[in-house]
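Chemist: Protein chains in written order, with this note's numbering: chain Z, 53 to 271; chain D, 442 to 773.
What follows is a single structure, and I will ask about it in a moment.
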Amino acid sequence: MLEASAGSLPITESDDAVVFPAKTAASTASEADERALVERARHDSRAFAELYRRYVNRVYAFAYKRSGSTQVAEDVTSTTFERALRGMPTFEWRSGGFAAWLFRIAANELTNHYRQQGRSSSHKAQRAFRMYVSDAVSGGEFDRIERMGSTDVIREAMTDLNDRYQQVIALRFLSGLSHDDAARAMGMSKPVMAVTLHRAVAALRKAIDERGGRDGHQV
Amino acid sequence: MVTKYEVNRQLVEMGEVDVVGPPRDFVDSLAQRLDAIASTRAEYAPHLNPQRRPRAKRMVFAPAFAALVLVVGAIIVTVDNGSPAYALDDPFNVQVQLADGRFVDGTDGLKISKGSTVVVGAGGSVRIRDHVYREGDVVVIGERGPEVADHLDVVVSTTRTEPTVSTTERVATTQPTTTQAPTAVREPEPTVAPRPVEPVPTTRVEAPATTRAPETTRAATTTTRPLVSMELGAQRVELSSQVALSWSAVAGAAKYVVVRTVAVSGATPAEPVYPPVAPTTLVAQKTTLTHTDVAEAVEGTPITAARYRVVALDSTGKVIGSSRFVQVNLPR
Chain Z
53 MLEASAGSLP
63 ITESDDAVVF
73 PAKTAASTAS
83 EADERALVER
93 ARHDSRAFAE
103 LYRRYVNRVY
113 AFAYKRSGST
123 QVAEDVTSTT
133 FERALRGMPT
143 FEWRSGGFAA
153 WLFRIAANEL
163 TNHYRQQGRS
173 SSHKAQRAFR
183 MYVSDAVSGG
193 EFDRIERMGS
203 TDVIREAMTD
213 LNDRYQQVIA
223 LRFLSGLSHD
233 DAARAMGMSK
243 PVMAVTLHRA
253 VAALRKAIDE
263 RGGRDGHQV
Chain D
442 MVTKYEVNRQ
452 LVEMGEVDVV
462 GPPRDFVDSL
472 AQRLDAIAST
482 RAEYAPHLNP
492 QRRPRAKRMV
502 FAPAFAALVL
512 VVGAIIVTVD
522 NGSPAYALDD
532 PFNVQVQLAD
542 GRFVDGTDGL
552 KISKGSTVVV
562 GAGGSVRIRD
572 HVYREGDVVV
582 IGERGPEVAD
592 HLDVVVSTTR
602 TEPTVSTTER
612 VATTQPTTTQ
622 APTAVREPEP
632 TVAPRPVEPV
642 PTTRVEAPAT
652 TRAPETTRAA
662 TTTTRPLVSM
672 ELGAQRVELS
682 SQVALSWSAV
692 AGAAKYVVVR
702 TVAVSGATPA
712 EPVYPPVAPT
722 TLVAQKTTLT
732 HTDVAEAVEG
742 TPITAARYRV
752 VALDSTGKVI
762 GSSRFVQVNL
772 PR
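Written out as structure tokens, the structure is:
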């Protein structure tokens, strides 16, 4: 059995789960060590188990931040590692290494999820969005509403973007990858990544505004 | 109007928020599933990962090794056809009855041996070695390798494309959060796994006794007969821990066996299998088409999800029908 302990991640335990800060989730293993581990994982399930232990929390956190749903996060995490396991024999080490490849799989799974789900927003998210837009101008309420619903607004608006923009934003802001590694995960150079990210954020801002317009609110 | 700066700031905040990690049950369950997948893949067999000799020695031994491989290979091909020599490649909507009678879903890389039967369901396909089998094909791994023993007209159910069964209750549960952690809200939806095989072998179900083939032919037919794909419905009884199950009948069934797996703390249950092997447990053996199960708790911890499967057995105990698993979420 693949052992499922939390590995070397700096985690603290809660009742039935672990809590870990986003910024400290980076693997401490050197690239050389990880590369050797990945090579072994092509043929050795124990080595893949070690990779699983290193990354399961990070992938889960990434999926959760994007979706805001534990159910989706679990589904995406499961599918990501299953695809990674099946893809190990053909995996080629490139710049960014295993992490970039793994998070790209996860990003693809997330966009697939939202594509399948369609653009019909959940009631909860639409309610949050309406609260955010309508109350944003009401002075003291702004911060409270922002804390309550702004992430849902962004999550929903991201579904209006094309897959590429969704993935760029998710990988850059939500995966914990550096700008360089996010670019490598996307298979882009840093300048192209920067330009794409700039356009993606602009498109996201526009999507948020359009959603506000569709609901008849003025911000 | 939202400014780009504001969007950037909120994205950064989304990325920096602390997240309640995955439940340990989920992590363990996924590890087990990955382990099961790994065990079906040839590249993870330990003997396929030998320590390499230095290059010079490899060159010396290469011809001798190649000759040995040829000789052993020839012996295997001409003498032994019983070893697991076939693997499913890129299967979709495929169900397999293994030589030992167990039913499993056709997964990529699944090894199958002589005596196994592969049924390709609606819209499905699978490659075995260099041949691709399509919807309705019933492939038997025989002495001479895979052969299409039968071709079924696939009946497409109108309910088959609906993966989600609505229930009368939807309760959101909130996971424990830290001060910075986002509220984790789960919206339970009992789900039905997509049914891979819908075809019902009309020859077996409808053939009257007077038209049965001679004994030798019947024996051959038995080995090629695909299992009947059963409908299974499962619904939580209001907000209790009871789950009402009902299933479709299978002609010739002497009894029906219900098996299940359960999970606690929001984890995903494993796929239930028959014969029941841990963590799958036998729930009931029935001659009727309904059963009410009680999914209360495991060692004091309330069950939050359960997956059920029902199989039909004939009078000899042979599995003649099987459903896909159905998951019921039981938020407390």
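All C-beta atoms, glycine included, are put in the ideal place defined by N, C-alpha and C.
Could you tell me the distance, in whole angstroms, from the CA atom of Val-714/D to the CA atom of Gly-462/D?
Modeler: 29 Å
Chemist: Relative to the C-alpha of Leu-249/Z, which candidate in Val-111/Z, Asp-232/Z, Asp-261/Z, Glu-262/Z has its C-alpha closest?
Modeler: Checked all of Val-111/Z, Asp-232/Z, Asp-261/Z, Glu-262/Z; the closest Cα to Leu-249/Z is Asp-232/Z.
Chemist: From which residue to which residue does the alpha helix (DSSP H) around Tyr-112/Z run?
Modeler: 97 to 119
Chemist: Where does Phe-544/D land, buried or exposed, given buried means 16+ other C-beta within 10 angstroms?
Modeler: buried
Chemist: Counting contacts by CB-CB distance shorter than 8 Å, is Phe-130/Z in contact with chain D?
Modeler: First, the residue type needs correcting, since residue 130/Z is Ser and not Phe in the sequence shown. Yes, Ser-130/Z counts as interfacial toward chain D.
Chemist: Glu-102/Z: buried (16+ other C-beta within 10 angstroms of its C-beta) or exposed?
Modeler: buried
Chemist: Quick one: residues in its chain with C-beta nearer than 7 Å to the C-beta of Lys-445/D, no 5 flanking neighbours on either side, listed in chain order?
Modeler: Hits under 7 Å: none found.
Chemist: From the DSSP output, in three-state form, read off Thr-615/D for me.
Modeler: Confidence is the limiting factor: at Thr-615/D the pLDDT is only 34, short of 50, which leaves the residue's position unreliable and the question unanswerable from this model.
Chemist: Tell me which residue opens and which closes the alpha helix (DSSP H) that Val-678/D is part of.
Modeler: Counting along the chain, Val-678/D falls outside any alpha helix (DSSP H), and DSSP gives it neither H nor E.
Chemist: Pair every Cβ in the segment 146 to 160 of chain Z with every Cβ in the segment 105 to 115 of chain Z, then say whether three or more of these pairs are closer than 8 Å.
Modeler: yes
Chemist: Tell me the rounded alpha-carbon separation between Thr-142/Z and Phe-533/D.
Modeler: 21 Å
Chemist: Taking C-beta to C-beta, are Asp-546/D and Val-561/D nearer than 8 Å?
Modeler: Against a cut-off of 8 Å, the Cβ pair of Val-561/D and Asp-546/D comes out as no contact.
Chemist: Flag Glu-102/Z as yes if its beta-carbon sits less than 8 Å from any beta-carbon of chain D, otherwise no.
Modeler: no
Chemist: The alpha helix (DSSP H) with Glu-454/D in it runs from where to where?
Modeler: 445 to 457
Chemist: So with CB distances below 8 Å, who are the chain D contacts of Ile-6/Z?
Modeler: As shown, chain Z starts at 53 and ends at 271. That puts residue 6/Z outside it, with no answer to give.
Chemist: Name the residue from Ala-222/Z, Ala-152/Z, Gln-218/Z whose alpha carbon lies nearest to the alpha carbon of Tyr-107/Z.
Modeler: Looking from the CA of Tyr-107/Z, the closest CA among Ala-222/Z, Ala-152/Z, Gln-218/Z belongs to Ala-152/Z.
Chemist: Can you check DSSP and say which residues form a bridge with Thr-211/Z?
Modeler: Its beta-bridge partners do not exist; DSSP assigns none.
Chemist: Measuring CB to CB, does Leu-668/D end up less than 8 Å from Ile-744/D?
Modeler: no
Chemist: Report the option in Arg-773/D, Val-589/D, Lys-696/D whose CA atom is closest to the CA atom of Val-752/D.
Modeler: Lys-696/D
Chemist: Which first and last residues belong to the alpha helix (DSSP H) in which Leu-226/Z is found?
Modeler: Careful: Leu-226/Z lies outside any alpha helix (DSSP H) and carries neither H nor E.
Chemist: Hey, out of Leu-723/D, Ala-694/D, Thr-481/D, Leu-771/D, whose CA is closest to Gly-758/D's CA?
Modeler: Ala-694/D
Chemist: Is the beta carbon of Thr-129/Z sitting closer than 8 Å to the one on Leu-471/D?
Modeler: yes
Chemist: Can you find the residues in the same chain that come closer than 8 Å, C-beta to C-beta, to Met-165/Z, ignoring five residues on each side of it along the sequence?
Modeler: It should be pointed out that residue 165/Z corresponds to His in this sequence rather than to Met. Around His-165/Z: Ser-119, Val-124, Asp-127, Val-128.
Chemist: One question on the structure: do Val-769/D and Ala-711/D come within less than 8 Å of each other, judged by their Cβ atoms?
Modeler: no
Chemist: To the nearest angstrom, how far is it from the Cα of Arg-167/Z to the Cα of Thr-211/Z?
Modeler: 8 Å
Chemist: By the DSSP assignment, the beta strand (DSSP E) with Glu-161/Z in it spans what residues?
Modeler: Per DSSP, Glu-161/Z belongs to no beta strand (DSSP E); it is in the alpha helix (DSSP H), 149 to 169.
Chemist: Going by DSSP in three states, His-732/D sits in which element: helix, strand or coil?
Modeler: DSSP places His-732/D in strand when its eight states are reduced to three.
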